[in-house]
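Numbering (the numbering used here), first residue to last: 85 to 511.
Glycine included, each C-beta is placed from N, C-alpha and C at the ideal position.
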Amino acid sequence: MGKKNWKRTFLAGLLILTLTACGAKETTQQPPEPTVSQKTEATKSPEATLTPEPTKSPEVTLASEVTLAPEPTKAADIIQTDEAASIKDVFAEQGWKAGTCLSDQMIRNQSCVELIKANFNSITFENHMKPDYIFNKNESRKSGDLVVEFSSTVDLMLDWCRENDMAVRGHTLVWYSQTPNWIFYEDFDKKKPLVSRDVMLARMESFIRQVFEQLEEMGYLELFYAYDVVNEAWMEDGTMRDCLWLQTIGEDYLWYAFYYADKYAPEYIDLYYNDYNEQYKTDALYNFVQTLVDENGNYLIDGIGLQAHLYTDDSIDKYLKTVEKLGSTGLKVNLTELDVCLGSWMEIKPATEANLKEQGRYYYELIGGLMKLAREGKVEMDALTFWGFADNLSWRKERSPLMFDSSYKPKYAYFGALQQLEKAGFD
Ligand code: GLA
């Protein structure tokens, strides 16, 4: 579907003139060639060696290795907060949606449900729409094509989103992790060789098409306002992450992922590139997203998702500079998985009163800083998603990163996010 003509085409046009053509090989689907090089000139950040790897090992994981979020503890009484205090109301004043990740366990727990309904209006599935969860191996083998089949949990969760007026961010299509290895092999059999570039491109196109077609047939597509097309493809030194997508297709797999998503997604769904350690890969991301243009120089991408898995020792100023630089591409910038651990990656601090206050101030200053950038027109943001809400349900639960404690009581961080200076830990 041709679209996004209104995007900052001059930028893309300029790039076409200055960058070299990629020279993709012929494919079975014969899609157009990428118009620009996928390589970036990003230089290595001096901090790169010290940066965390918040996700898993660079190997593609198997479904069986995926750990689900822990079960919510039995409902402590739902917290009584100030009547006016709601993350979604405060964010709405900025024109932002307020998001959280969601697991099926959360919607079975009344305290979680109340807390989510009070504070959020956007949902990202923590796991169930990741590649590990959406392919049917037997059917793929039978048909010879990669077959997408969403689980009944996806129906359950999307029904819940609809009943509770939640918009949805799709997460995620093309990723090195939480993706079954067998999709890359001949006959979907890991004992056989990896498939050719042409076959993998055809599988990629088919899978992306099926995702959007099936969500439409199931009547859910209109809930979606954004989709993470590619997750975590760049390294801090400005090189591309090694993965089976890269090995089978080549460097332009990223361009094709956006080309196919643009072809099959409806106009109202914004297409995102999403990554972590963004403040250490800013140049790589800045250069890369500008290569995602069609033959007319129009962007195939709508937004840059910054995961924002942060630490209270991380520089807020540096982070805001990243947001501002990426905002200058003309693409939307959304924080997609915000959580702020105590201390640093190397040295975790305990959840003392003083450290929790520091965290409150961090949330206050970070979110206040983002609001200021948006008000000044330096970045176009329309949603900020937290990677959960209660510490006990977080993937980094030992590090107390979220706005509510394990009894669902609000922390200083909650009031920081609400921009309530006097309750956010400032003495
Ligand atoms: C990354 C992914 C998320 C999630 C977190 C860990 O940030 O984008 O989907 O897997 O890692 O929970």
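Query raised in the report: Hey, how far is the Cα of Ala474 from the Cα of Ala169?
Result: 16 Å
Report task. Express the C-alpha separation of Tyr356 and Val232 in angstroms, rounding to a whole number. Result -> 21 Å
Query raised in the report: Using the C-alpha atoms, what's the distance from His255 back to Val313?
Result: 8 Å
Requested in this report: Could you check if Glu421 is buried or exposed, using at least 16 other CB atoms within 10 Å of its CB as the buried criterion?
Outcome: buried
Query - Backbone CA spacing between Gln503 and Ser227 [nearest angstrom] - result: 54 Å
**Report entry** Cα-Cα separation between Met284 and Lys433, rounded to whole angstroms
**Finding:** 45 Å
Requested in this report: Step through the CB atoms of chain E and report whether any lies within less than 8 Å of the CB of Glu289.
Outcome: Although the question refers to chain E, the structure presented lacks it and comprises just one protein chain.
Requested in this report: Rank Ala202, Lys172, Asp173, Gln178 by C-alpha distance to the C-alpha of Met455 and give the top, closest one.
Outcome: Gln178
Query raised in the report: What number of angstroms, rounded off, separates the C-alpha of Trp329 from the C-alpha of Gln262?
Result: 13 Å
Report task. In angstroms with no decimal places, state the Cα-to-Cα distance between Lys365 and Leu415. Result -> 17 Å
**Report entry** DSSP bridge partner residues for Phe219 (one or two, in chain order)
**Finding:** Val232
Report task. Please work out which residues of its chain come closer than 7 Å, Cβ to Cβ, to Gln298, disregarding the five sequence neighbours upstream and downstream, and give them in chain order. Result -> Val232, Phe234
Query raised in the report: For Lys416, does the three-state DSSP call read helix, strand or coil?
Result: strand
**Report entry** DSSP-derived helix/strand/coil call for Lys507
**Finding:** helix
Query raised in the report: Which residues bound the alpha helix (DSSP H) around Thr366?
Result: 366 to 373
Query raised in the report: Can you list, in chain order, the residues of its chain whose CB lies under 6 Å from that of Ala435, leaving out five sequence neighbours each side?
Result: Ser484
Report task. Decide if Asn380 is buried, meaning its Cβ has at least 16 other Cβ atoms within 10 Å, or exposed. Result -> exposed
Report task. Keeping to the same chain, check which residues put their C-beta closer than 6 Å to that of Glu464; ignore five residues upstream and five downstream. Result -> Lys416
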